[in-house]
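The sequence shown finishes on residue 239 if you use the numbering used here, and the numbering steps up by one all the way, no holes.
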Amino acid sequence: MKKILVLFILSYGQLVALDKESTLNFYQHIFTAITSAHPVFVYVEDPEYREVFLQADKILLAKRMKGADVLLLTSKAMLEKVLHQKELHLQEVKKPLLFATDYHILKASKEVIGAFYWKKGRAQLLFVKSRLKAHGIVLSSEYQKFIIDEL
89 MKKILVLFIL SYGQLVALDK ESTLNFYQHI FTAITSAHPV FVYVEDPEYR EVFLQADKIL
149 LAKRMKGADV LLLTSKAMLE KVLHQKELHL QEVKKPLLFA TDYHILKASK EVIGAFYWKK
209 GRAQLLFVKS RLKAHGIVLS SEYQKFIIDE L
């Protein structure tokens, strides 16, 4: 029985590591597609995402929102915080792109250009055409099927 339990725990650890690695690969591809910055400075408050991004070679974690290329929004509370900060800094030349980990966050604000999230165990990637256009972002052909006209 102990052997089965140990085997299960080790298998689960491998599965979690694989999930983190695939998540990291998705975000590295997405963020390098939406910004010309290399490496891409990403600000995210969620500790799990921060841990995943520490392993990245194309993504560096920004310590503050200001100076980040992309703000990864993992909750509506963070969205509200970010939108409040953007109002305070309207005159900034370089404004970070907003990207979400949840469909509802994407739908909640026209400032958010896209989202990568899980629905019924399947990865979902969406970009909103008008929002990409507002930021002057043209995605490569591999991402065209993920662009929608409206929510």
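Backbone N, C-alpha and C fix where the C-beta goes; we use that ideal spot for every residue, glycine too. All values reported here derive from a predicted model rather than from experimental measurement.
Inter-residue CB distance, residue i and residue j (contact presumed, cutoff 8 Å)
i, j, result
"residue 185", "residue 123", "6 Å"
"residue 240", "residue 160", "Since the first and last residues shown for the chain are 89 and 239, residue 240 lies out of range."
"residue 158", "residue 130", "5 Å"
8 Å Cβ shell around residue i - same chain, five flanking residues per side excluded
i, result
"residue 92", "Only weak support exists for where residue 92 lies, its pLDDT of 47 falling under 50; the coordinates are left without a value."
"residue 142", "149"
Residue i versus residue j: straight-line alpha-carbon distance, rounded
i, j, result
"residue 172", "residue 199", "12 Å"
"residue 165", "residue 192", "12 Å"
"residue 204", "residue 109", "15 Å"
"residue 223", "residue 138", "25 Å"
"residue 128", "residue 117", "11 Å"
"residue 182", "residue 156", "9 Å"
Identified DSSP bridge partners for residue i
i, result
"residue 201", "Answer by DSSP bridge pairing: none, since residue 201 is not bridged."
"residue 188", "161, 203"
"residue 130", "149, 158"
"residue 210", "207"
Contacting residues, own chain, Cβ-Cβ under 7 Å from residue i (five flanking each side not counted)
i, result
"residue 111", "140"
Nonlocal neighbours in the same chain, by C-beta distance under 6 Å from residue i, ignoring five residues either side
i, result
"residue 262", "Residue numbering for the chain in the displayed model covers 89 to 239; residue 262 lies beyond these limits and cannot be assessed."
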